[in-house]
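Student: I'd like to ask you about the structure that follows.
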Amino acid sequence: MRRCSVLGCDRPLLARGWCKLHYYRWRRQGSPLVVVDKNNTEEDFWSKVLILGDDECWEWQTGKDDDGYGAFWWNNRQVKAHRFSWELFGGPIPEGVQVLHGCDNPSCVNPSHLFLGTTQDNTADRDSKERQVRGERVHTAVLSENDVIWVRELSSKGVSGRDIARELGVHPTTIYYLLN
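Counting from 191, one number per residue, gives the positions in the sequence shown under this note's numbering.
Put into structure tokens, the structure is as follows:
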């Protein structure tokens, strides 16, 4: 069995020539060798933020998760940077409440861009700003908006869904869902 390529590490490989520990260090921090100090201070937190004007986004500059949210170690646990920023300026976050971004920038930690809300508030905010991917913008979409209009016209003239599907090269179920 092959072993991690980091000097002195004898763990089995996961990816990129590193073990699980070193691979995830690389994913979080950009280097498999960086050791995280899990007892950071408030000063350490702000040193990782690019602070611009009061109305501009304050960008988190270091480790981010797959969705772009900043992550930070505080008291031996990892917390989201925007939640930490809220707690510094706005106080404790009640159980079951989320910290939402008015600016829609997940790496922003500017307290004036953050607000508290429920999951329903978050969904309503997303929908009001039309950030929900629909129609042609869905990455798996096969039919365009014009195709949908054409399918509905053909269907209203009595052409079968099976024939339409064959013409477009899609499964008949796709046409059925589109029409219903």
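Even glycine gets a Cβ: it sits at the ideal position worked out from N, Cα and C. On a predicted model such as this, the values are computed, not experimentally measured, just so you know.
By alpha-carbon positions, which one of L223, H272, L306 ends up nearest to D255?
Tutor: The sequence position of residue 255 within the sequence shown is 65, counting from 1. Out of L223, H272, L306, H272 has the C-alpha closest to the C-alpha of D255.
Student: First and last residue of the alpha helix (DSSP H) that includes Q341?
Tutor: One-based indexing of the sequence shown puts residue 341 at position 151. In the sequence on display, residue 341 carries Val and not Gln. Run containing V341: 335-346, per the alpha helix (DSSP H) assignment.
Student: Compare the Cα-Cα distances from G243 to each of N300, L358, L197, S237 and report the closest residue.
Tutor: Counting from 1 along the sequence shown, the entry for residue 243 is found at position 53. Closest by alpha carbon: N300.
Student: Name the one or two DSSP bridge partners that Q219 has.
Tutor: Taking the first residue of the sequence shown as 1, we reach residue 219 at position 29. Partner(s): none; Q219 has no beta bridge.
Student: Grouping DSSP H, G and I as helix and E and B as strand, with all else coil, what is W236?
Tutor: Residue mapping note: residue 236 aligns to position 46 of the sequence shown, counting from 1. DSSP places W236 in helix when its eight states are reduced to three.
Student: Using C-beta distances below 6 Å, list every residue in its chain close to R201, excluding the 5 sequence neighbours before and after it, in chain order.
Tutor: Here residue 201 refers to the residue found at position 11 of the sequence shown. Correct list, in chain order: C194, C209.
Student: Quickly, what does DSSP pair W248 with across the bridge? List them, please.
Tutor: For the purposes of this step, residue 248 is taken as the residue at position 58 of the sequence shown. Partner(s): none; W248 has no beta bridge.
Student: Taking the straight line between their C-alpha atoms, what separation do you get for L240 and V196?
Tutor: If you number the sequence shown from 1, residue 240 lands on position 50. If you number the sequence shown from 1, residue 196 lands on position 6. Each residue's alpha carbon lies about 32 Å from the other.
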